[in-house]
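A.B. asks:
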Amino acid sequence: MSHLPRKVIYDTDPGVDDAMALYYALAHPDIEVVGITTTFGNVYVEQAATNALYLSALAGRLIPVTQGVAQPLVKTAEPPPDYIHGADGLGNLPHRLATQGKLDPRSSAEFIVDMARQYPGEITLVAVGPLGNLATALQLAPELPTLVREVILMGGAVLESGNVSPVAEANIWNDPHAADAVFTAGWPLTMVGLDVTHQVILPLSLFQQIAEHHQHIATDTLHHAVAFYSAFYSERDPVVGQVTGCYGHDVLAFVVLTNPELFTLQAGRVRVAVDGLAQGQTMMQRKAVTYPQHGWHEEIPHTQVCMQVQAEACRAVVQTTLQRDWLKNPLLTLSK
147 MSHLPRKVIY DTDPGVDDAM ALYYALAHPD IEVVGITTTF GNVYVEQAAT
197 NALYLSALAG RLIPVTQGVA QPLVKTAEPP PDYIHGADGL GNLPHRLATQ
247 GKLDPRSSAE FIVDMARQYP GEITLVAVGP LGNLATALQL APELPTLVRE
297 VILMGGAVLE SGNVSPVAEA NIWNDPHAAD AVFTAGWPLT MVGLDVTHQV
347 ILPLSLFQQI AEHHQHIATD TLHHAVAFYS AFYSERDPVV GQVTGCYGHD
397 VLAFVVLTNP ELFTLQAGRV RVAVDGLAQG QTMMQRKAVT YPQHGWHEEI
447 PHTQVCMQVQ AEACRAVVQT TLQRDWLKNP LLTLSK
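Positions 147 to 482 (my numbering) are the ones given, in order, by the sequence shown.
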């Protein structure tokens with residue numbers, strides 16, 4: 147990457163793997179997180195915003211955090227999966243320190259539009275939750291695709307089985323109408339889906355090593371959260387259970403940004419099934435043929451889809467990055 151760090155707005159629903167990805171982004175010298183926009187998904191949006199503020203403060207960073215959409219554009223909201231991430235999204239932390247930081251008053255969509263206008267051509271949107279904030283931002287500013295540098299999203303599946311249905315990945319399924327709007331908006335778009343995230347298993351021991359290396363409240367908190375998350379995956383999936391770990395879902399959206407050479411991509415039109423049994427399916431046109439159905443006409447833009455990944459190299463990049471000297475003193479609120 148260039149010597150100037152890439153300006154990133156991180157759109158997220160933290161969430162354990164979201165926390166992992168946030169700390170990767172904060173640790174990496176080529177990324178400047180200029181804002182965190184939160185959405186519903188792994189937790190309710192209020193908890194997502196609380197977690198974004200908390201994780202940033204533990205790492206000693208004061209970053210604008212906004213609260214965004216609380217429910218899908220059209221479909222009925224589902225309750226958050228507390229059995230995966232914990233009721234608090236961070237593996238049910240036994241206690242939380244009092245930290246500094248309060249929400250930016252703008253909605254997440256407003257913040258995205260404001261920043262894109264302030265830094266035209268410079269902002270990368272890394273979105274790892276349901277895509278309602280991006281879809282709402284597109285409604286506020288239809289010119290948004292010409293203002294952002296690129297969008298990288300964690301979601302979807304092309305050849306890999308889904309994780310909430312045989313064909314659907316959770317982020318897309320949670321708000322399929324928003325996802326289809328994002329896939330057809332016309333901005334440079336990279337999809338990091340289950341086709342690659344299911345190839346990268348991060349062992350719990352890696353996060354224990356990181357916590358021991360830093361001896362810091364932020365990495366201790368991450369280790370606790372990953373332990374809860376790993377217990378779910380290791381019990382559910384025999385392949386993950388062999389290493390006692392978890393999939394590297396959200397963090398891979400940032401690894402694509404910093405180390406694109408580790409991924410094999412394929413370009414094609416992607417659409418989302420918005421209802422029925424296939425709700426949330428990401429359908430990719432992988433052959434250059436003409437279809438009679440209107441939804442695949444030439445005006446539909448192409449998405450770059452990650453199809454293969456060098457898993458061992460990804461694990462090494464995650465560990466090396468998180469073991470850098472990046473942590474600062476926590477932004478704690480002193481009791482009077």
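Backbone N, C-alpha and C define an ideal beta-carbon position, used for all residues, glycine too. From a predicted model like this one, the values you see are computed outputs, not experimental measurements.
Terminal residues of the continuous beta strand (DSSP E) containing Phe409?
C.D. replies: Phe409 -> beta strand (DSSP E) spans 409 to 418.
A.B. asks: So, helix, strand or coil for Leu468, using DSSP?
C.D. replies: Reduced to three states, the DSSP call for Leu468 is helix.
A.B. asks: Would DSSP call Tyr393 helix, strand or coil?
C.D. replies: If DSSP states are grouped into helix, strand and coil, Tyr393 belongs with the strands.
A.B. asks: Excluding the 5 residues preceding and the 5 following Val180 in the sequence, name in chain order all residues of the same chain whose CB lies nearer than 7 Å to its CB.
C.D. replies: Once the five neighbours on either side are set aside, the close Cβ partners of Val180 are Lys153, Val154, Ile155, Met261.
A.B. asks: So, with DSSP's three-state summary, where would you put Tyr265?
C.D. replies: Of the three classes helix, strand and coil, the one that applies to Tyr265 here is coil, per DSSP.
A.B. asks: Which residues share a DSSP beta bridge with Met429?
C.D. replies: Arg417.
A.B. asks: Tell me, which residues are paired with Gly181 by DSSP?
C.D. replies: Paired residue(s): Ile155.
A.B. asks: Using DSSP's beta-bridge definition, name the partner residues of Glu296.
C.D. replies: Answer by DSSP bridge pairing, in chain order: Thr270.
A.B. asks: Confirm, please, whether the CB-CB distance from Glu296 to Trp319 is below 8 Å.
C.D. replies: The answer is no: Cβ separation not under 8 Å.
A.B. asks: Using beta-carbon positions only, say whether Gln388 and Gly414 come within less than 8 Å of one another.
C.D. replies: Taking 8 Å as the Cβ cut-off, Gln388 and Gly414 do not qualify as a contacting pair.
A.B. asks: So, helix, strand or coil for Ala198, using DSSP?
C.D. replies: Note: Ala198 maps to helix in three-state DSSP.
A.B. asks: Do three or more CB pairs link the segment 356 to 366 to the segment 332 to 346 at distances below 8 Å?
C.D. replies: No: fewer than three Cβ pairs fall under 8 Å.
A.B. asks: Which class does Val211 belong to by DSSP, given the choice of helix, strand or coil?
C.D. replies: If DSSP states are grouped into helix, strand and coil, Val211 belongs with the strands.
A.B. asks: Applying the 10 Å Cβ sphere with the 16-neighbour rule, what's the burial state of Asp421?
C.D. replies: So Asp421 counts as exposed.
A.B. asks: Can you tell me where the alpha helix (DSSP H) holding Leu305 begins and where it ends?
C.D. replies: Where Leu305 is concerned, there is no enclosing alpha helix (DSSP H), given that its DSSP letter is neither H nor E.
A.B. asks: Using alpha carbons as the reference points, say which of Gln425, Asp396, Phe186 lies closest to Asp234.
C.D. replies: Among Gln425, Asp396, Phe186, the Cα nearest to that of Asp234 is on Phe186.
A.B. asks: Buried or exposed: Glu256, going by 16 or more other Cβ atoms within 10 Å of its Cβ?
C.D. replies: Buried: at least 16 other Cβ atoms inside 10 Å.
A.B. asks: Please report the straight-line C-alpha distance between Leu350 and Glu444, rounded to a whole angstrom.
C.D. replies: So the two alpha carbons sit approximately 45 Å from each other.
A.B. asks: Can you give me the Cβ contacts of Pro291 inside the same chain, cut-off strictly under 6 Å, excluding the 5 residues immediately before and after it?
C.D. replies: The residues are Ala331, Gly332, Trp333.
A.B. asks: How would you label Asp321, buried or exposed, when you count the other beta carbons within 10 angstroms and need 16 or more for buried?
C.D. replies: Looking at its Cβ environment, which holds 16 or more other Cβ atoms inside 10 Å, Asp321 is buried.
A.B. asks: Please report the distance separating the alpha-carbon of Asp159 from that of Gly275.
C.D. replies: Near 6 Å, if we compare the C-alpha coordinates of Gly275 and Asp159.
A.B. asks: Straight-line CA distance for Val402 to Met429?
C.D. replies: In a straight line, the C-alpha of Val402 is about 21 Å away from that of Met429.
A.B. asks: Verify whether the separation of the beta carbon atoms of Thr404 and Gln454 is less than 8 Å.
C.D. replies: No. Outside cutoff.
A.B. asks: Report the option in Pro476, Ile258, Gly278, Leu277 whose CA atom is closest to the CA atom of Thr270.
C.D. replies: Of the listed residues, the one whose Cα sits closest to Thr270 is Ile258.
A.B. asks: Roughly how many angstroms lie between the CA atoms of Ser376 and Asp396, to the nearest whole one?
C.D. replies: Ser376 and Asp396: Cα-Cα distance of roughly 14 Å.
A.B. asks: Report yes if the CB atom of Val328 is closer than 8 Å to the CB atom of Met300, and no otherwise.
C.D. replies: No. Outside cutoff.
A.B. asks: For Val416 and Leu204, what's the separation of their Cα atoms in angstroms?
C.D. replies: Their Cα atoms are separated by approximately 38 Å.
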